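Report on the structure given below.
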Amino acid sequence: MNWAQQQHLTANLCALDQIAIEPRFIFPTIDPETGGGGHFSSLTNQLLPVFLDCPEIYAQFNIDTLDPLVAICNGANLVITAQSGMGKTFALAWMTSRLISREEDTPGSARLPLSFHILDLNPEKFNLENPAANLVLALSNLLPSEKTQKLERFVNALLKENRVVLLLDGLDELAPEAHQKTTAWLSVLLQAYPQLQMITTGTPTYLGDLPGLGFQPVLLSSWSYAERNRYYSKWRDLWQENYATSGSATAVDDRLIMGWLFNDKRRFTPLEWCLMVWAAFDGLVLGESPTSYLEGLLDRVVPHNIPVRSLSYLSLELIQSQKLSLPYRSAAALLAKYRPSTAPAAEAFEEIESAPEQRSGLKRKKKISSRDQAMSDLLESGLLNEHAGEQVRFSNPLLMGYLASLLPESAAIIEQSTFDWPAHEIAVRFIIARDAAQGWVSKTIQSQKDILQTGIHKVSRAIPYSSLTSTWRSSFMRDLVSKLHDESIPSLLRLRLINCLLIANDPSLALLFKQLYASRSAFIRFSAVLAAGSLGLTTLINETRQLLNDEITEVQMAACLALGAMDTPQTQRLIESCLSSGTEEVQQVAAEILSKDSKDGHEILKVAATSENLLVRRAAVMGLCKIKEEWAQKILQKLSIEDGQWVVRSIAGHALEYTQHPERQAPMPFTKPENTEWLIQYASRQGMGVPVGQLAIDLMVDVLRRGKPEEKILALRALPQYPQNRVLEEIAQVFKKEQGPVQEAAYQALLQNYSIFQKTGMS
């Protein structure tokens, strides 16, 4: 439990629970029997496609998300996907903490979490004959006082009794070769213990062989502004209680700080928001860009006897050599090489009171050289972490990439063929931001092989770190808007481009979206109003209100969503009006928005549930089913039995079942094709049974060609397990030819194996 509480950036200041915002997952729910949109799906979910690499677009909208412990309740193996800084490590630590608490509440019946960073397992020495041996090694380093034989018996017993959930952090940080070695070991571990459930981490386009092992991606949800503000409030309380200097002449009224933080509508990651609030309360605000917050962090935590330049060379060495870590001695030697000559001699020894505690259980001498002292200081600061085999790594790939990019010679890494590796991608992101990769940016944007346009999205992540006067920035933004209008590009990809605009944090966006509101294209109006809502642009309230009367229903629904996301007294009144007098679809969206407002919104829904208007009562049901409280379930139960209209009783019954069985929205483990009911029915129509092995895979590919839309969706959910060239090419063809939910499912399937797909050259 203590280890879990320390797995976050500010661990030296507080425990995880003191500042935690509960993580949530986004998962494309479908009914496993029909291929439809789940057992019960809200209109908000139906309106927005599930993009597994663009969480920011959903942050302000009340889409259905999964509690992490609900997500794992069916036993599926999951890979948490998100960009660096979104909180994957935090999510694993939070899950570990909650699983431990559950075991303490119900001893003997709950599963125990074994939670490690992948480097704790000593991946250089994976034991393929006895894969559990690496788990025992990692646990023995955590519990050095326990005998290895005792731990081995303990771990083996838990594995055989299926009482373990294995949580592995850091797979998203591994370079390609190390990633392949790790998935090979995971494959052997799963063969030895097929019931073992594992949760690990990845980035949306860098999952390696994990889908082939049956891992299913869940997208880590981005914070809404309300969640961000709750985090800020927790920070303020923590700071006032533990770190504020009362009566200081330089102290700033925290109301001014909170007002500045709350009113900022820029879209950042939780890591960047953490650095922002830390700088605000610490008084070390070097600027308003996320780059300045990173600079402030380094000023705050890097020991003064260690130049940042030496850390940059260490970072660059790791990226150029495609490694996540280096041996302790190698890292210390590299740092010493680039320290100034005025630094104490490397051979000089000095007495220190005690060595910092190492998670690996390693003990250091009390007499250490200045070289070791520097390493100890970096480990104690939290900038570096140490793992099994005396391996040392940076605590976050965002820091490693940023540090490497500070060196002029880092521009050479752009030509490395590891752009999907997050550490490399992040370094390139910062190199782009400082105008050192214009040619590469142009080539990436114009690539015809990248049919999912992932390169554009990766380049867009450099925009927040760039200057408003950067030579490439304005042309890139113009190109984004041009592609948004290009009807030769699938509408699914065009809508996904909205996310690139959101994270740009460009001051001209409000004006741009206002202009797009007047477009003749319903798609452009729909996209623009969603974008305005995603950023909570209250300057566009009146223009958004006018789109409630748009001739296209989807635009009306998007306008209602946007008004709800803007969250002002004026928009609250507008949402109430939408519930009572809008079109049927807008009424339901309004009710779902009101479910977020625990104060006034819940009271409005209680009244709406008793309305004489059939459509208002029906809409109220859609809102009530999103409220996870007993009083809401009682109202749904009453409506399902006593309402005078069958349509209300029916939907209330479905909503009640939905709220009582959250596990139905969670991922299910894959079954073998020959045991899959929908595939058996398809084969029966063809006058055949379901074969096994490769022939079963061929049958699912045949479904993509001749099946019903819902059967194609089910096949696309299963086929990422089989990343064969022919399978991936068929999925790509479906993506190009289909529209709507089938195309969306093809995008999700192709993205899971996209790094493999691009290597084949088939695109």
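Quick note: the sequence shown uses the working numbering, first residue 1012, plus one each step.
The beta carbon of each residue, even a glycine, is placed where N, CA and C say it ideally should be.
Here the structure is a predicted model, which is why all the values come from computation and not from measurement.
Determine the DSSP secondary structure at residue i, reduced to helix, strand or coil.
i	result
GLU1749	coil
TYR1217	strand
THR1092	strand
TYR1243	helix
GLN1208	strand
PRO1039	coil
ASP1431	coil
PRO1142	coil
PRO1775	Missing from the structure shown is residue 1775; the chain here goes from 1012 to 1774 and no further.
SER1380	strand
LYS1683	coil
SER1052	coil
GLN1449	helix
GLN1464	coil
ILE1363	Residue confidence is low: ILE1363 scores 38 on pLDDT, short of 50, so the model does not pin down where it sits. Its coordinate-derived value is still stated next. Reduced to three states, the DSSP call for ILE1363 is coil.
ARG1295	Reading the sequence as shown, one finds Leu at residue 1295 and not Arg. In the structure shown, LEU1295 sits in coil (DSSP, three-state: anything other than H, G, I, E or B).
TRP1284	helix
GLN1705	helix
HIS1496	helix
GLY1544	helix
Is it buried or exposed for residue i, if we count other Cβ within 10 angstroms and need 16 for buried?
i	result
TRP1289	buried
ARG1489	exposed
TRP1105	buried
PRO1433	buried
TRP1451	buried
TYR1758	buried
MET1386	buried
THR1621	exposed
GLU1595	exposed
THR1579	exposed
PRO1338	exposed
ALA1356	With a pLDDT of only 41 at ALA1356, under the threshold of 50, the placement of this residue in the model should not be trusted, and no figure is reported.
ASP1709	exposed
GLU1368	Low confidence applies to GLU1368: its pLDDT is 44, below 50, so where it sits in the model is not reliable, and the reading given next is rough at best. Exposed, by the Cβ-count rule.
ASP1028	exposed
SER1095	buried
ARG1266	exposed
LYS1748	exposed
PRO1752	buried
Name, in chain order, the residues that DSSP records as bridge partners for residue i.
i	result
ASP1490	Bridge partners of ASP1490: none, in fact.
LYS1404	Looking at the sequence shown, residue 1404 is not Lys but Arg. Answer is ASN1396.
GLN1227	LEU1089
LEU1179	PHE1127 and THR1211
PRO1338	GLN1402
LEU1077	PHE1036
Using beta-carbon positions only, say whether residue i and residue j come within less than 7 Å of one another.
i	j	result
VAL1147	GLU1163	yes
GLU1685	LEU1715	no
PRO1678	GLN1227	yes
GLN1402	SER1336	yes
TYR1242	ILE1032	yes
LEU1504	GLN1464	yes
PHE1279	TRP1250	no
VAL1061	LEU1221	no
ALA1121	ARG1113	yes
SER1766	TYR1324	no
LEU1508	LEU1063	no
LEU1231	ALA1143	no
CYS1285	LEU1024	no
PRO1731	ALA1760	yes
TRP1246	PRO1281	no
GLN1071	SER1421	no
ALA1666	LEU1647	yes
Can residue i be considered in contact with the ligand NAD, in the sense that its beta carbon sits closer than 6 Å to one or more heavy atoms?
i	result
ASN1407	You won't find the ligand NAD in this model; it holds no ligand whatsoever.
Counting Cβ pairs closer than 8 Å, one from the region 1637-1649 and one from the region 1600-1615, do we hit at least three? In short, these stretches touch, since the Cβ pair count reaches three.
Counting pairs of beta carbons, one from the region 1387-1403 and one from the region 1293-1306, are three or more of them closer than 8 Å? Output reads no: the region 1293-1306 does not touch the region 1387-1403.
Hey, is the region 1574-1592 in contact with the region 1601-1608, meaning 3+ C-beta pairs nearer than 8 Å? Output reads yes: the region 1601-1608 touches the region 1574-1592.
Count the CB pairs spanning the region 1460-1476 and the region 1433-1447 that are closer than 8 Å, and state whether there are at least three. Judged by pairs of C-beta atoms under 8 Å, the region 1460-1476 touches the region 1433-1447, as three or more such pairs exist.
Contact between the region 1024-1040 and the region 1066-1076 is defined here as three or more beta-carbon pairs at a separation below 8 Å; is this criterion met? The region 1024-1040 and the region 1066-1076 touch, with no fewer than 3 CB-CB distances between them shorter than 8 Å.
Can at least three beta-carbon pairs, one atom from the region 1193-1210 and one from the region 1218-1235, be found at a separation below 8 Å? In this structure the region 1193-1210 touches the region 1218-1235; the number of beta carbon pairs closer than 8 Å is three or more.
Counting pairs of beta carbons, one from the region 1305-1322 and one from the region 1267-1274, are three or more of them closer than 8 Å? The region 1305-1322, when compared against the region 1267-1274, does not touch it at the 8 Å Cβ threshold.
Under 8 Å, with one C-beta from each stretch per pair, do the region 1651-1662 and the region 1623-1632 reach the 3-pair mark? Between the region 1651-1662 and the region 1623-1632 there are three or more inter-stretch CB-CB distances shorter than 8 Å, so the stretches are counted as touching.
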